[in-house]
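Participant: Just so you know, the sequence shown maps onto residues -23 to -1, 1 to 161 in mature numbering (1 follows the signal peptide of the UniProt record, and there is no 0). Just so it is clear, CB atoms sit at the ideal spot from N, CA and C, and this is done for glycine as well. Following this message is one structure expressed as C-alpha cells.
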Amino acid sequence: MEKTVMKILIIFALGMNYWSCSGFPVFDYDPSSLHEALSASVAKVNSQLLSPYLFRAFRSSLKRVNALGEDSVIMSLEFSVRETTCLRGSVEDPSACAFQRGYYAQTAACRSTVQILGEQVQQVWAHCRWPDTSESSSSEESPREGVFHLQTEGSPTTGTEQGCAVALSDTGGKGGIDTGVFPL
C-alpha cells in the first residue's frame, strides 16, 4: 500500500513539473494590452520609415510576457508588416487600410518589446528584417535591417542612457538604402 501511495505521489510531482513548462499562461493579462502593444509597435515602425505609405500588421504572435509588478508588464511580440494604400499624411488608422497589391509591395518580419505600465505603453523597441528588393538573379537574400527605439513622453529617464537608433528606407533606386542615425 505504501509503495502505491509513493508511486502516485511521485507521478503527481512529475506531472506538476511538466505542466509548469508546457506553455500554459501563468499570468492573466488583459487582452486589450496585447492590442495596444501591437498597435504601438506598428506605429513605431510607421514613424521611422520614409515610405510614402503606412504599414499594417498582418501576422502576429505573443512570444513572452514578463510581469514586472502588479500593473507593469513587458511583452515580446513577433509580427509581419506590409505596405498599405493609405498615405503617410492621412489620419486613418493603418488597421483600416487595404494592403498594397503586387510584387513590389514592401513587407517585413518584425520583433518588438513593449513595456506597459498600468494601461499605458511606456517604451517600445522594434526590429524589422526587410527582404532584399534588388533585381539580381542571385538566390541569396541579404536582409535590410532597422532597429527602432521609442521612449514615450512621461516615462522615466535617468539621463545616463546613451545610444542611437537607425532608420532605413528605400531611396527609390535599385537596391539603394538611406540610413539615418540619431541619438536617443
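(1) Please report the residue range of the alpha helix (DSSP H) in which Gln25 lies.
(2) Let's test the definition: count the other Cβ atoms within 10 Å of the Cβ of Arg78 and tell me whether it reaches 16, buried, or not, exposed.
(3) Measure the Cβ-Cβ separation of Cys105 and Val22 and say whether it is below 8 angstroms.
(4) Compare the Cα-Cα distances from Val91 to each of Pro29, Met(-18), Leu11 and report the closest residue.
(5) Within 10 angstroms of the Cβ of Met52, are there 16 or more other Cβ atoms? Answer buried if so, exposed if not.
(6) Rounded to the nearest angstrom, how far is the Cβ of Phe35 from that of Ser57, given a contact under 8 angstroms?
(7) Which residues share a DSSP beta bridge with Tyr30?
(8) Are Leu54 and Ser89 close, meaning C-beta to C-beta below 8 angstroms?
(9) Measuring straight from C-alpha to C-alpha, what distance separates residue 166 and Pro71?
(10) For Leu54, does the three-state DSSP call read helix, strand or coil?
(11) Do Phe32 and Thr61 count as a contact pair if the criterion is CB distance below 8 angstroms?
(12) Does the beta-carbon of Ser37 have 16 or more other beta-carbons within 10 angstroms, so that it is buried, or is it exposed?
(13) What are the boundary residues of the beta strand (DSSP E) that includes Ala85?
(14) Cutting at 7 angstroms between CB atoms, please list the residues of its own chain near Cys74, excluding the five before and the five after it.
(15) Measuring CA to CA, which of Ala(-11), Met(-23), Met(-18), Ala17 is closest to residue 163?
(16) Can you find the residues in the same chain that come closer than 7 angstroms, C-beta to C-beta, to Leu39, ignoring five residues on each side of it along the sequence?
Facilitator: This is what the structure gives:
(1) Taking the first residue of the sequence shown as 1, we reach residue 25 at position 48. Counting along the chain, the alpha helix (DSSP H) containing Gln25 begins and ends at 8 to 25.
(2) Locating residue 78 in the sequence shown gives position 101, where the first residue counts as 1. With fewer than 16 Cβ atoms within 10 Å of its Cβ, Arg78 is classed as exposed.
(3) Numbered from its first residue, the sequence shown carries residue 105 at position 128. Numbered from its first residue, the sequence shown carries residue 22 at position 45. Yes, these two residues count as a Cβ contact at 8 angstroms.
(4) By 1-based counting over the sequence shown, the position of residue 91 is 114. Residue Leu11 is the option with its Cα nearest to Val91.
(5) The residue given as residue 52 occupies position 75 in the sequence shown. Buried is the call here.
(6) Taking the sequence shown and counting its residues from 1, the one referred to as residue 35 is at position 58. Taking the sequence shown and counting its residues from 1, the one referred to as residue 57 is at position 80. Right, their Cβ atoms sit about 6 angstroms apart.
(7) To locate residue 30, count along the sequence shown from 1; it is residue 53. Looking at the DSSP assignment, Tyr30 forms a beta bridge with Leu64.
(8) Counting from one through the sequence shown, the residue named residue 54 turns up at place 77. Counting from one through the sequence shown, the residue named residue 89 turns up at place 112. Going by C-beta atoms, Leu54 is nearer than 8 angstroms to Ser89.
(9) Nothing can be reported for residue 166: it is not among the residues displayed for the chain, which extend from -23 to 161.
(10) Mapped onto the sequence shown, residue 54 falls at position 77. Residue state, collapsed to three classes: strand.
(11) Your numbering for residue 61 matches position 84 in the sequence shown. Your numbering for residue 32 matches position 55 in the sequence shown. Cβ distance < 8 angstroms, so Thr61 and Phe32 count as in contact.
(12) Within the sequence shown, numbered from 1, the residue matching residue 37 stands at position 60. By the neighbour-count rule (16 or more Cβ atoms within 10 Å), Ser37 is buried.
(13) In the sequence shown, residue 85 corresponds to position 108, counting from 1. That run of the beta strand (DSSP E) goes 84 to 94.
(14) Locating residue 74 in the sequence shown gives position 97, counting from the first residue. The residues are Leu31, Arg33, Thr61, Thr62, Cys63.
(15) Only positions -23 to 161 of the chain appear in the structure, and residue 163 is not among them; the question remains open.
(16) Position 62 of the sequence shown holds residue 39. Counting only Cβ-Cβ distances below 7 angstroms, and skipping sequence neighbours, we find Leu11, Met52, Leu54.
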